[in-house]
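Below you'll find the structure, written out as structure tokens, and then a few comments.
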Amino acid sequence: MLLDKMSFGEKEYPAKIERNILVILSCLSEKVAGTAVASILSEKTITPIFAILDNAKRYENQPFRLTRKEKAKLNVLLFAIITLEKFAMSSQSKSMIMSLLNEQQEENILIYLSKWINDENNLKHQIGFLAQYLLDNTCNLNR
Numbered sequence: 109m110l111l112d113k114m115s116f117g118e119k120e121y122p123a124k125i126e127r128n129i130l131v132i133l134s135c136l137s138e139k140v141a142g143t144a145v146a147s148i149l150s151e152k153t154i155t156p157i158f159a160i161l162d163n164a165k166r167y168e169n170q171p172f173r174l175t176r177k178e179k180a181k182l183n184v185l186l187f188a189i190i191t192l193e194k195f196a197m198s199s200q201s202k203s204m205i206m207s208l209l210n211e212q213q214e215e216n217i218l219i220y221l222s223k224w225i226n227d228e229n230n231l232k233h234q235i236g237f238l239a240q241y242l243l244d245n246t247c248n249l250n251r
């Protein structure tokens, strides 16, 4: 019911609100036990999270100094990765995330983002570090 009220992925929200929705989803996934987490992570939830991650490619060649709007969007990206990590703590949700990552046509988005670990921009470095952490410790993909 909460996800229906928020219309996450259906409406265009400012970056600050998107970030807050991702924080709420992260907290819920951490606090709710077992199969209830899998019910939160539905097609309505995971599709916008992956859409946020897929938009990361537009920031690859950004200059070191980012505008406020670009920083806000990268913050949303950072929280999307955190949300994925929190959801992956449940085995049902983890298998759903893993299957979506394996279905990606191009290079896996987490592998792509993990390359940002060497970026000079601190925010992009954090995103790269979290993507690498997720790959190494949660989503052990065959790379």
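The sequence shown runs 109 to 251 under this note's numbering. Glycine is no exception: its CB is placed at the ideal position from the N, C-alpha and C atoms.
Limits of the alpha helix (DSSP H) - the one that L238 falls within | N230 to N245
Every unbroken alpha helix (DSSP H) inside the stretch 135 to 209 [4 residues or more] = Under the rule that a run must span 4 or more residues, the alpha helix (DSSP H) segments found entirely inside the stretch 135 to 209 read 143 to 148, 151 to 162 and 176 to 195.
Residues of its chain near V131, where Cβ-Cβ distance is below 7 Å and the 5 sequence neighbours each way are ignored | F187
Helix, strand or coil at N226 according to DSSP, with G and I counted as helix = When secondary structure is reduced to three states using DSSP, N226 falls in the helix class.
Which of helix, strand or coil DSSP assigns to E118 | Reduced to three states, the DSSP call for E118 is coil.
Going by C-alpha distance, which of K152, K113, I129 and F116 is nearest M204?
-> K152
Is it right to say T175 is buried, meaning 16 or more other beta carbons lie within 10 angstroms of its own, or is it exposed?
-> exposed
What separation, rounded to the nearest whole angstrom, lies between the Cα atoms of S150 and K223?
-> 28 Å
Report yes if the CB atom of L192 is closer than 9 Å to the CB atom of L231, and no otherwise.
-> no
Evaluate M114 with the Cβ neighbour count: other Cβ atoms within 10 Å of its Cβ, from every protein chain shown; 16 or more gives buried, anything less gives exposed.
-> buried
For N128, which three-state DSSP category applies?
-> N128 sits in a helix when the DSSP states are folded into three classes.
Count the other CB atoms, across all protein chains shown, that sit within 10 Å of the CB of P156; report buried if there are 16 or more and exposed otherwise.
-> Burial call: buried.
In its own chain, which residues sit with a C-beta less than 8 Å from the C-beta of N183, not counting the 5 before and 5 after it?
-> A123, R127 and L231
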